[in-house]
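Student: Numbering (our numbering), first residue to last: 23 to 127.
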């Protein structure tokens with residue numbers, strides 16, 4: 023798990039989701055998977071970490087990973103269940119787009 027943080031983005035080497043600064047203010051961020059909410063940098067970074075946790079198929083300590091995921095989801099004002107649904111919908115949309123582009127070949 024490695025995050026890359028710049029003044030404008032937070033990206034992950036494990037997931038395509040990212041956080042980006044909106045330009046509305048120095049501390050106004052959005053998550054690619056939660057675009058309708060303005061977040062602080064800390065919340066946005068935590069949102070990328072949350073996606074990384076949920077993207078790990080074999081965490082070293084699954085119980086600890088779920089506990090941390092619940093805390094990070096709560097920081098975003100969401101339940102863990104809501105986060106899983108949002109991320110699943112994003113994954114399904116990515117897959118559907120990839121399937122359409124492959125069938126055009």
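Every residue, glycine too, gets a C-beta built ideally from N, C-alpha and C. It should be emphasised that the depicted structure is a prediction, and the values quoted were computed from it without experimental measurement.
Identify which residue in 63, 112, 96, 116 has its Cα closest to the Cα of residue 27.
Tutor: Along the chain shown, read from residue 1 onward, the residue named residue 27 stands at position 5. Ranking the options by Cα distance to residue 27, first place goes to 63.
Student: What is the residue span of the beta strand (DSSP E) that residue 41 lies within?
Tutor: The residue given as residue 41 occupies position 19 in the chain shown. Residue 41 -> beta strand (DSSP E) spans 41 to 43.
Student: Please report how far the alpha carbon of residue 80 lies from the alpha carbon of residue 74, in whole angstroms.
Tutor: Position 58 of the chain shown holds residue 80. Position 52 of the chain shown holds residue 74. Roughly 12 Å between the two C-alpha positions.
Student: Does residue 51 come out as helix, strand or coil in the three-state DSSP assignment?
Tutor: Here the question's residue 51 lines up with position 29 in the chain shown. Strand, per DSSP.
Student: Is the segment 108 to 119 close to the segment 43 to 52, with three or more CB pairs under 8 Å?
Tutor: Taking 8 Å as the limit for Cβ pairs, the verdict is that the segment 43 to 52 does not touch the segment 108 to 119.
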